[in-house]
Ligand code: NAP
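Numbering (the numbering used here), first residue to last: 88 to 394.
See the structure below:
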């Protein structure tokens, strides 16, 4: 089979750290073009915008959007209207109505839309889901605390409107929780702290339920020192813990299970598989929880934030 001719749009941190290497290592793909305002990749036709790339008629089958969520809708729409299959970084769009509209448009144009959740590909997630399916779940605690200055240096967009603030990493935790818990989650209460002069929160607390099970989440973007990306699930057979963003799984009575990071190779394998079957995969449940948290949040203003 001919390789899938794919373009990357938005050649920033995640595109360089993960997408380019994952594509280079997968013979199902050939990286056929780049669209990024300020960046180019040697040996690959590069354009400042997706519109310029489409106008140049570079032969393409698909695009993978690695830009920030706010503004991605127009790029995704342009690609779908050009008949290309589309893979979206998380969060899939800045709003639920944008994400739903893209799913509808993809369906009507007969192209594949893949709204990715890379954290769901972490090694511990599938076995955690399987283990939990056979237990009674009593309570869930999520703690996602990382240092914005270390992981997102200079990314002002993340604290702008539509940038998600601490929900940019927090939505990864919610993508795992919605995958491993058998019942859908709903938000009962939320509190967010937005630094003076910015739009995106640096801290958030969510009180949720999955059926009757209480689920709490604490998100913090100012954690220095050790970083925390943990989910604990109390069950009738003890407490399951996913740590390091889902990479390490602890289940009662067993040694911790760990495997090397393969989230992005796994996403691109899955996209190739979806193309093969001409099927879309658009699960908006993590985005819905973030939207709901913003809808009902008790909002306070915190200290101004400087990089
Ligand atoms: P980034 O380093 O800021 O890169 C995004 C790129 O998109 C920029 O380099 C920029 O390239 C382009 N862009 C287009 N419109 C833009 C705009 N209005 N503002 C800023 N940049 C714009 O961000 P990133 O960390 O790669 O994150 C991109 C997406 O990947 C986000 O949705 C994020 O949640 C997701 N993600 C990030 C990570 C991570 O660890 N950083 C991990 C997983 C997923 P040009 O200036 O050349 O156009």
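We treat Cβ as the ideally placed atom computed from N, Cα and C, and that holds for glycine.
Any heavy atom of ligand 1 closer than 7 Å to the Cβ of residue 97?
-> Here residue 97 corresponds to residue number 10 of the chain shown, with the count starting at 1. Checking every heavy atom of ligand 1 against the Cβ of residue 97, one is found closer than 7 Å.
Can you tell me whether DSSP reads residue 168 as helix, strand or coil?
-> On the chain shown, position 81 is the one that residue 168 refers to. Helix, per DSSP.
What first and last residue would you give for the alpha helix (DSSP H) that runs through residue 235?
-> On the chain shown, residue 235 is found 148 positions in, with the first residue counted as 1. For residue 235, the enclosing alpha helix (DSSP H) stretches over residues 235-238.
Answer yes or no: the CB of residue 263 versus the heavy atoms of ligand 1, is any distance below 7 Å?
-> Stepping through the chain shown from its first residue, residue 263 is reached at position 176. No, the beta carbon of residue 263 sits no closer than 7 Å to any heavy atom of ligand 1.
Would you identify the three-state DSSP class for residue 128, choosing helix, strand or coil?
-> For the purposes of this step, residue 128 is identified with residue 41 of the chain shown, where counting begins at 1. Residue state, collapsed to three classes: coil.
Which residues bound the alpha helix (DSSP H) around residue 381?
-> In the chain shown, the residue the question calls residue 381 occupies position 294. First-last of the alpha helix (DSSP H) with residue 381: 372-383.
Please classify residue 259: is it buried, with 16 or more other beta-carbons within 10 angstroms of its beta-carbon, or exposed?
-> Your numbering for residue 259 matches position 172 in the chain shown. Residue 259 should be labelled buried.
Whole beta strand (DSSP E) runs in the stretch 201-253 with 3 or more residues, listed along the chain?
-> Listed in chain order, they are 224-232.
Mind checking whether the beta-carbon of residue 328 lies closer than 7 Å to any heavy atom of ligand 1?
-> Taking the first residue of the chain shown as position 1, residue 328 is located at position 241. No.
Report yes or no: do the stretch 276-286 and the stretch 202-218 share at least 3 C-beta pairs separated by less than 8 Å?
-> The stretch 276-286, when compared against the stretch 202-218, does not touch it at the 8 Å Cβ threshold.
Which one of 248, 231 and 255 has the shortest CA to CA distance from residue 239?
-> Residue 239 sits at position 152 when you count from the first residue of the chain shown. Proximity to residue 239 across 248, 231 and 255 peaks at 255, based on C-alpha coordinates.
Host alpha helix (DSSP H) of residue 138 (start-end) = Here residue 138 corresponds to residue number 51 of the chain shown, with the count starting at 1. 137-142 is the span of the alpha helix (DSSP H), which, as asked, contains residue 138.
Quick one: measure Cβ to Cβ for residue 249 and residue 156, integer angstroms, because I've assumed they're closer than 8 Å.
-> Your numbering for residue 249 matches position 162 in the chain shown. Your numbering for residue 156 matches position 69 in the chain shown. Indeed they touch by this definition, with Cβ atoms about 6 Å apart.
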